[in-house]
Structures are given as C-alpha cells and as structure tokens.
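There are 2 protein chains.
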Amino acid sequence: MRASDKAYAALRDDIIEWRLAPGTVLAEVEQSERLGISRTPLREALSRLTAEGLTTTAGGRGVVVTDISLEDIDELFELRETLEGKAAALAAERGDAATFERLRNELCQAPALISGEDPARHDYYGLVGRLDAAIDAAIHNSYLAQAMRSLRVHLVRVRRLAADDAERLTAAAAEHAAIAEAIAAGNPRLAEAATTLHLHRSLSHVKATHTPQ
Amino acid sequence: MRASDKAYAALRDDIIEWRLAPGTVLAEVEQSERLGISRTPLREALSRLTAEGLTTTAGGRGVVVTDISLEDIDELFELRETLEGKAAALAAERGDAATFERLRNELCQAPALISGEDPARHDYYGLVGRLDAAIDAAIHNSYLAQAMRSLRVHLVRVRRLAADDAERLTAAAAEHAAIAEAIAAGNPRLAEAATTLHLHRSLSHVKATHTPQ
DNA sequence: CACAAGGCTTATGTATACACAGCTGCCAGC
DNA sequence: GCTGGCAGCTGTGTATACATAAGCCTTGTG
Numbered sequence: 000m001r002a003s004d005k006a007y008a009a010l011r012d013d014i015i016e017w018r019l020a021p022g023t024v025l026a027e028v029e030q031s032e033r034l035g036i037s038r039t040p041l042r043e044a045l046s047r048l049t050a051e052g053l054t055t056t057a058g059g060r061g062v063v064v065t066d067i068s069l070e071d072i073d074e075l076f077e078l079r080e081t082l083e084g085k086a087a088a089l090a091a092e093r094g095d096a097a098t099f100e101r102l103r104n105e106l107c108q109a110p111a112l113i114s115g116e117d118p119a120r121h122d123y124y125g126l127v128g129r130l131d132a133a134i135d136a137a138i139h140n141s142y143l144a145q146a147m148r149s150l151r152v153h154l155v156r157v158r159r160l161a162a163d164d165a166e167r168l169t170a171a172a173a174e175h176a177a178i179a180e181a182i183a184a185g186n187p188r189l190a191e192a193a194t195t196l197h198l199h200r201s202l203s204h205v206k207a208t209h210t211p212q
Numbered sequence: 000m001r002a003s004d005k006a007y008a009a010l011r012d013d014i015i016e017w018r019l020a021p022g023t024v025l026a027e028v029e030q031s032e033r034l035g036i037s038r039t040p041l042r043e044a045l046s047r048l049t050a051e052g053l054t055t056t057a058g059g060r061g062v063v064v065t066d067i068s069l070e071d072i073d074e075l076f077e078l079r080e081t082l083e084g085k086a087a088a089l090a091a092e093r094g095d096a097a098t099f100e101r102l103r104n105e106l107c108q109a110p111a112l113i114s115g116e117d118p119a120r121h122d123y124y125g126l127v128g129r130l131d132a133a134i135d136a137a138i139h140n141s142y143l144a145q146a147m148r149s150l151r152v153h154l155v156r157v158r159r160l161a162a163d164d165a166e167r168l169t170a171a172a173a174e175h176a177a178i179a180e181a182i183a184a185g186n187p188r189l190a191e192a193a194t195t196l197h198l199h200r201s202l203s204h205v206k207a208t209h210t211p212q
C-alpha cells in the first residue's frame, strides 16, 4: 500500500471519528512526522481530503478540518433525499427483484441482531451496507453512484453525533425493509416514498439527540 | 498563481476542449516538460483531475483521460435532471423573485444575441451562466451546489460534442426563460417541470447531433 | 504609550535526486 | 522454433533540499 494511501485513510478516519475536531489545522510537517511519512505523500492525501470536502485550504495557513453544523445537516439530508430517492426509484425499475427480496427477508430478521451485543450489531451495519451496495449496483449509473459515495463520507461524520440506540435501529431496520420490499416489487414511486420516509425519520432522530447537547 | 493551479487549469481545459482525447495517457515527465513545471505540482494537478473523474489512474501506468460514451451521456443527464430539478424547486422556494424576474427579461431578449455574430453569442453563454449562478446562490445548500459544480465539468465536455446551432440556442433561451419565470413566481413544481423539459430537449439535441457521426 | 515598519521565523510551494516496481525485449536452453 | 528467464529501462512513489511568502514579534519613533 502506498504511503499516500495510508496517510489518506488515517486522516480520513481521524476526521470521521471526530478524533480531529473541526477547525484543527493540519500542518504538513506536523502530520507527516506523526504519520511517519514524508511531506510529498502527505500533501497528496490532503489534496484528496480537500477534494472530498473534509478539509479546506486556509489560504497559506495549511488546511483545516471542515466544520459541520446543524444547518449543514439539513443541507446534507436535503441532497441525500434527492439522490437516494432517485436511486431507489431507479433500482426499482432496473434492479433484480430476487436480490432485494433476499435483503428484505434479512432486514426483517435484523431486530435479533440489534438487541444482541456489539458484534451482532456490527453484522447489522454490514447488512445495511449491502443494501446500499445493491442499490448502487442496480441503478446502473456511475455518476449517481459516485455522488452518493461522496455524500456518504459526510453522513458517517454526522452519524457519529447521534447515539444509535436499539430502539431507533429497530425502527430503521423496518424502514430499510420497506425500501427493499418496494424495490423488489418494482414500484419506483413506492421505493422513493419509503426512502423519503426513512430519511426524514433518520434526520429527526439525529437532530433530537444532538440539539440537547 | 501557483504552478499546480496553472497545470490543473491547462490540463482541464485540454480535456474539456477535446484537445486531449479519451484514452490518452498523461505521463508525468512528458506533461511536466510540456507545461514547463516540475513533477510535484503536476502530480497535484493530476490528483485533482482524478478526483473530479476527468482522469483515472491506470494502475502504475500513469493516468489516462476518462472516456465518455453515449451511455455516459444518458447517466449524466439522469443525475443532472435529479439535481437541477431539485435546485430549481428550492430556488423557487427560497430565491429572490426580483433577481429571477430580471434574468427572465434578459433571456427573453436573448434571441437578438444569438442571431448575431460570435462575440454576442458569448454574451448569451454568460447570461446562462448567470442564471446557473443565481440558482446556486438561491438554493442555500452548499452540498447540492457542489454536486452540481462537479457535474457541470462533465457536461461541458459533452456539450462540445453537439453543434450549438442558432435554432437550438433560441429554443434553449426560451426554456431558460420559462425556468426563470417559474422561479420568480415562487412555484417549485413548475420550476422543476420547466427544468425537466429543458434538460430532456437538451439531451435529445445532443444525441440527435452526435449519433450520426 | 501607541502605532508603524522592518526583520525573523515558520509555513507552504517547488524542484530534484533516489528507490523500486513493472514491462519489454533479447538471449539462451530445451 | 518456441518458451522461459534475465537484464535493462522507463516510469511512478518517496524523500529532501531550497525558495518564497506571509505573519508575528520586536523595536524605534512620534
């Protein structure tokens, strides 16, 4: 693995997991020494982070970790609803019914995973990831898939703000199952509606658990 | 201006204007010598191009200019319709009516620019750019604006394939005026519908002028 | 005492040198 | 004659040295 890839992955994780707070300046020499690499690969890593929007160049004063506020969350979910709603509709039109039927069945059994301890919960996150991947593959649109991928980076960052309690996860699993069912049924409007519903509830939950802080 | 910015702009233009054909390998030494800079800033430029999707790394064989096919055009417009439709709707909700009313009036007088010679036609393109910028500003959503910006790069590339004859431009100006009018009227659904109509006609025109080739 | 100017420090931007990996072409052996 | 291996070369990946610009601190003057 290239040193620049390693640096990129490390910094990306540090930002997503909130180990690097928004506003932190990432000086080149400091970070290159911390990661044990030279400045050249580190600069490439910072370029990629900036292109993704996780950092911004602070005009000759290095790059700083981008801030993410409550207004950003609203904007983020506005775009997310647009993209994922369209993706769900396209998946319903073009996807393989059997694939999503299987995912629906798995999602209906997800509460068993959620109520369990952490390792099982990890399986649940993997299941949701497989649903996302199945939609990505079903839409047959690389540009839309790419837009959703770049959006998900910011979403993971937001998600860390909200506590994923078992109650919300169980409800989310049911909502995901509804999306998979609509796609399997080949009903675009229903798939889009189920996605809209899921995202609105997801946003409400994030804001409800975050604002009290 | 930094050397890496200059290299990025030069390569980006070369790709967009089809001076660098898809599939062309951009060797680092070759390009750095051509642009009169060192490899380091050139590499940063290539990183940014790859992040935008204009180039892809060919696994140790340098980066190659991304291909763009007819299927890509369909995918591109699918995403474009999703994003710009939503943007037009948001602009109708949140935008300043007077701004878009002014743009509509200018667009209604645009045929005079189009029928003229090239310098005046350039003014028309500037007018359309101002409409895009006004929508970007009106939506108050930086993530959506960013997604549209990254999409426009690919669109300009596609547009170079189609001959912009005066007839199509006149029709496009009327369609743009309809969008501006709907936004000024504060009617989100109408704005989205007008955008959908415009993009479908635009796509039809591109495909009609390109496929015969 | 306050403000401005100048120099120093520290950061990024750039260039170049070196290391390593992958490919290609040639040569030798079967 | 064909195939496999080796060597050389080309090109990327990395490190480091140097240039340059900007910001801050210090000092001098009003």
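Protein sequences, first through last, are from chains G and H.
Per numbering that gives the first Met the number 0, the first sequence starts with residue 0, numbered consecutively.
Per numbering that gives the first Met the number 0, the second sequence starts with residue 0, numbered consecutively.
Note that the Cβ used here is the ideal one computed from N, Cα and C, for glycine as well.
Practice task
Use the C-beta contact count for residue 80 of chain H: other C-beta atoms within 10 angstroms, 16 or more gives buried, fewer gives exposed.
Solution key: buried
Practice task
Can you grab the Cα-Cα spacing for the pair residue 212 of chain H / residue 48 of chain H, in whole Å?
Solution key: Annotation note: pLDDT 48 at residue 212 of chain H (below 50); position unreliable, coordinate value reported separately. Near 28 Å, if we compare the C-alpha coordinates of residue 48 of chain H and residue 212 of chain H.
Problem - Proximity winner among H:89, H:113, H:125, relative to residue 102 of chain H (alpha-carbon distances) - result: H:125
Practice task
Identify whether residue 39 of chain G lies in helix, strand or coil by the three-state DSSP scheme.
Solution key: helix
Practice task
Kindly indicate the opening and closing residues of the beta strand (DSSP E) around residue 208 of chain G.
Solution key: Here residue 208 of chain G belongs to no beta strand (DSSP E); instead the alpha helix (DSSP H) covers 187-209.
Problem - Beta-carbon gap between residue 64 of chain G and residue 14 of chain G smaller than 8 Å - result: yes
Practice task
Could you name the residues of chain G that residue 142 of chain H contacts, counting a contact when the two beta carbons are closer than 9 Å?
Solution key: 52, 71, 74, 75, 77, 78, 79, 150, 153
Practice task
Indicate whether at least one CB of chain H lies closer than 8 Å to the CB of residue 184 of chain G.
Solution key: no
Handout entry: Residues of its chain near residue 193 of chain H, where Cβ-Cβ distance is below 6 Å and the 5 sequence neighbours each way are ignored
Key = 177, 178, 181
Exercise for the section: Taking 8 Å as the cut-off, decide whether the C-beta atoms of residue 174 of chain G and residue 154 of chain G are in contact. Expected result: no
Handout entry: Nearest residue (CA-CA) to residue 6 of chain G, options G:34, G:159, G:24
Key = G:34
Exercise for the section: For the alpha helix (DSSP H) containing residue 98 of chain H, list its first residue and its last residue. Expected result: 96-107
Problem - Any chain G beta carbon closer than 8 Å to residue 42 of chain H - result: yes
Handout entry: Integer-rounded CB distance, given that residue 76 of chain H should sit under 8 Å from residue 183 of chain H
Key = Not confirmed; about 25 Å, so no contact.
Problem - Where residue 25 of chain H sits in the DSSP three-state scheme - result: strand
Problem - 6 Å Cβ shell around residue 131 of chain H - same chain, five flanking residues per side excluded - result: none
Exercise for the section: State buried or exposed for residue 31 of chain G, treating a residue as buried only when at least 16 other CB atoms are found within 10 Å of its CB. Expected result: buried
Practice task
Please list, in chain order, all residues of the same chain as residue 207 of chain H whose beta carbon is under 7 Å from its beta carbon, the five residues on each side excluded.
Solution key: none
Handout entry: Bridge partner(s) assigned by DSSP for residue 64 of chain G
Key = G:54
Handout entry: Candidates G:134, G:60, G:2, of which the one nearest residue 36 of chain G by Cα
Key = G:2
Practice task
Determine the direct distance from the alpha carbon of residue 162 of chain H to that of residue 205 of chain H, and round the result to whole angstroms.
Solution key: 8 Å
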